[in-house]
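Below is one structure; the comments refer to it alone.
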Amino acid sequence: MALEASSIIVPSVQELIKQPITEIPERYFHSNQDTIVVTNTTSLPHVPIIDLHKLLSDDSAELEKLDQTCKEWGFFQLINHGVNTSLVENMKIGVEQFFNLPMEEKKKKFWQTPNDIQGFGQLFVVSEEQKLEWADMFYINTLPLDSRHQHLIPSIPTPFRDHLENYCLVVKKLAITIIGRMEKALKIKSNELVELFDDINQGMRMNYYPPCPQPENVIGLNPHSDMGMLTILLQANDIEGLQIRKDGQWIPVQPLPNAFVVNLGDMLEVTYVD
Numbered sequence: 001m002a003l004e005a006s007s008i009i010v011p012s013v014q015e016l017i018k019q020p021i022t023e024i025p026e027r028y029f030h031s032n033q034d035t036i037v038v039t040n041t042t043s044l045p046h047v048p049i050i051d052l053h054k055l056l057s058d059d060s061a062e063l064e065k066l067d068q069t070c071k072e073w074g075f076f077q078l079i080n081h082g083v084n085t086s087l088v089e090n091m092k093i094g095v096e097q098f099f100n101l102p103m104e105e106k107k108k109k110f111w112q113t114p115n116d117i118q119g120f121g122q123l124f125v126v127s128e129e130q131k132l133e134w135a136d137m138f139y140i141n142t143l144p145l146d147s148r149h150q151h152l153i154p155s156i157p158t159p160f161r162d163h164l165e166n167y168c169l170v171v172k173k174l175a176i177t178i179i180g181r182m183e184k185a186l187k188i189k190s191n192e193l194v195e196l197f198d199d200i201n202q203g204m205r206m207n208y209y210p211p212c213p214q215p216e217n218v219i220g221l222n223p224h225s226d227m228g229m230l231t232i233l234l235q236a237n238d239i240e241g242l243q244i245r246k247d248g249q250w251i252p253v254q255p256l257p258n259a260f261v262v263n264l265g266d267m268l269e270v271t272y273v274d
């Protein structure tokens with residue numbers, strides 16, 4: 001879902017750590033984190049894995065699993081999704097190369113402007129006293145085309161720009177396919193959710209989490225729920241960092257090769273609650 005909001009411009013964490021530091025600036029220090037350091041994951045439940053190929057084959061057991069997963073978790077890892085592996089790998093490479101662009105080039109071409117969230121920076125910073133996340137972010141509206149800032153995507157170097165354009169279309173098609181299978185699992189009228197989803201805008205957020213000298217005192221991404229319908233997350237590496245909260249516990253999401261993490265947003269969860 002594309003976002004329309006504003007955010008105060010903040011310094012780049014990536015630029016902050018160019019010079020070796022032993023202590024983090026006060027504004028990044030979170031003293032009252034509602035987090036749990038998970039040292040033993042064997043006793044925790046695992047995020048469900050959904051096989052799209054089975055769903056498309058009308059596998060009744062997989063459809064039932066999807067239904068229960070959406071109702072009980074609101075999260076799952078999606079395998080056999082059909083998205084070309086080379087496109088996924090090119091996106092990972094492109095994101096890494098983008099964040100490795102010279103800082104001066106990022107400031108000149110991609111920096112957020114006052115009272116906007118598209119561009120390079122952080123989201124939803126509303127005051128100078130607000131605690132900041134230990135992360136840099138590049139956010140763009142991607143679809144429909146008229147929701148874009150016209151200078152951002154054309155400024156992205158090729159071939160990453162071409163891969164990004166293709167990825168946006170492929171992921172939107174994947175999202176519609178997932179929604180269609182949810183309709184099947186819920187046994188509701190065909191295309192009722194799909195038609196609603198088709199009118200929702202699409203946005204893309206790329207996150208970079210630099211090394212930190214005091215990781216126990218920072219937050220890479222504040223606890224939140226996604227406001228849209230569906231989030232399809234691509235984890236760029238095998239580092240376990242994403243956690244979801246279920247039944248009062250923070251559960252780590254163990255990255256799977258060639259899998260997406262799918263998150264039901266607030267708008268879609270209403271359908272399952274109802």
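Note that the UniProt record's numbering gives residue 116 to position 116 of the sequence shown, counting from 1, and the numbers run on in steps of one. Glycine included, every Cβ here is placed at the ideal spot set by N, Cα and C. All values derive from a computational prediction rather than experimental measurement.
Selection from the options that minimises the alpha carbon distance to residue i
{"i": "Leu-143", "options": "Asn-263, Gln-254, Gly-121, Ile-200", "result": "Ile-200"}
{"i": "Phe-114", "options": "Ser-147, Thr-69, Phe-260, Val-126", "result": "Correcting the residue type first, residue 114 is Pro in the shown sequence and not Phe. Ranking Ser-147, Thr-69, Phe-260, Val-126 by Cα distance to Pro-114 puts Val-126 first."}
{"i": "Ile-156", "options": "Met-267, Lys-107, Gln-122", "result": "Lys-107"}
{"i": "Glu-240", "options": "Gln-254, Tyr-28, Met-267, Ile-50", "result": "Gln-254"}
{"i": "Met-103", "options": "Lys-71, Pro-45, Val-13", "result": "Val-13"}
{"i": "Phe-110", "options": "Ser-60, Gln-77, Pro-48, Ile-140", "result": "Ile-140"}
{"i": "Trp-134", "options": "Gln-249, Leu-221, Ser-7, Leu-256", "result": "Leu-221"}
{"i": "Phe-138", "options": "Lys-172, Leu-132, Gly-121", "result": "Gly-121"}
{"i": "Phe-160", "options": "Glu-89, Asp-59, Val-261", "result": "Glu-89"}
{"i": "Glu-128", "options": "Leu-242, Gln-19, Tyr-28, Leu-256", "result": "Tyr-28"}
Residue range of the beta strand (DSSP E) that includes residue i
{"i": "residue 275", "result": "Outside the modelled stretch of the chain, which goes from 1 to 274, sits residue 275, for which no answer is possible."}
{"i": "Asp-51", "result": "49-51"}
{"i": "Leu-264", "result": "260-264"}
{"i": "Leu-78", "result": "75-79"}
Alpha helix (DSSP H) segment containing residue i, residue limits
{"i": "Tyr-139", "result": "Careful: Tyr-139 lies outside any alpha helix (DSSP H), inside the beta strand (DSSP E) at 136-143."}
{"i": "Thr-177", "result": "160-186"}
{"i": "Gln-14", "result": "13-16"}
{"i": "Lys-131", "result": "Run containing Lys-131: none; DSSP gives neither H nor E here."}
{"i": "Val-95", "result": "85-99"}
{"i": "Lys-109", "result": "103-109"}
Residue i, DSSP secondary structure in three states
{"i": "Lys-246", "result": "strand"}
{"i": "Leu-44", "result": "coil"}
{"i": "Gln-68", "result": "helix"}
{"i": "Phe-120", "result": "strand"}
{"i": "Met-206", "result": "strand"}
{"i": "Thr-231", "result": "strand"}
{"i": "Ile-21", "result": "coil"}
{"i": "Ile-251", "result": "strand"}
{"i": "Ser-7", "result": "coil"}
{"i": "Arg-148", "result": "coil"}
Test item: CB-CB of residue i and residue j under 8 Å
{"i": "Leu-52", "j": "Gly-82", "result": "yes"}
{"i": "Phe-124", "j": "Met-206", "result": "no"}
{"i": "Leu-152", "j": "Gly-119", "result": "yes"}
{"i": "Pro-213", "j": "Ile-79", "result": "no"}
{"i": "Met-182", "j": "Leu-193", "result": "yes"}
{"i": "Asp-75", "j": "Asn-217", "result": "The sequence given here places Phe at residue 75; Asp does not occur at that position. No, they are not a contact pair."}
{"i": "Ala-175", "j": "Ile-232", "result": "yes"}
{"i": "Ile-93", "j": "Pro-211", "result": "no"}
{"i": "residue 290", "j": "Leu-230", "result": "With the chain running from 1 to 274 in the structure shown, residue 290 is simply not present."}
{"i": "Met-91", "j": "His-149", "result": "no"}
{"i": "Lys-246", "j": "Trp-73", "result": "yes"}
{"i": "Ile-251", "j": "Val-47", "result": "yes"}
{"i": "Lys-131", "j": "His-224", "result": "no"}
{"i": "Gln-112", "j": "Ile-9", "result": "yes"}
{"i": "Ile-188", "j": "Ser-7", "result": "no"}
{"i": "Gln-249", "j": "Leu-44", "result": "yes"}
Supposed contact pair residue j and residue i - C-beta distance, whole angstroms, cut 8 Å
{"i": "Thr-85", "j": "Asn-258", "result": "6 Å"}
{"i": "Gly-265", "j": "Met-227", "result": "6 Å"}
{"i": "Val-170", "j": "Leu-55", "result": "Going by Cβ atoms, the distance from Val-170 to Leu-55 rounds to 17 Å, so no, they are not a contact pair."}
{"i": "Asp-136", "j": "Tyr-208", "result": "5 Å"}
CB contact below 8 Å: residue i versus chain D
{"i": "Pro-255", "result": "The question asks about chain D, but that chain is absent: this structure has only one protein chain."}
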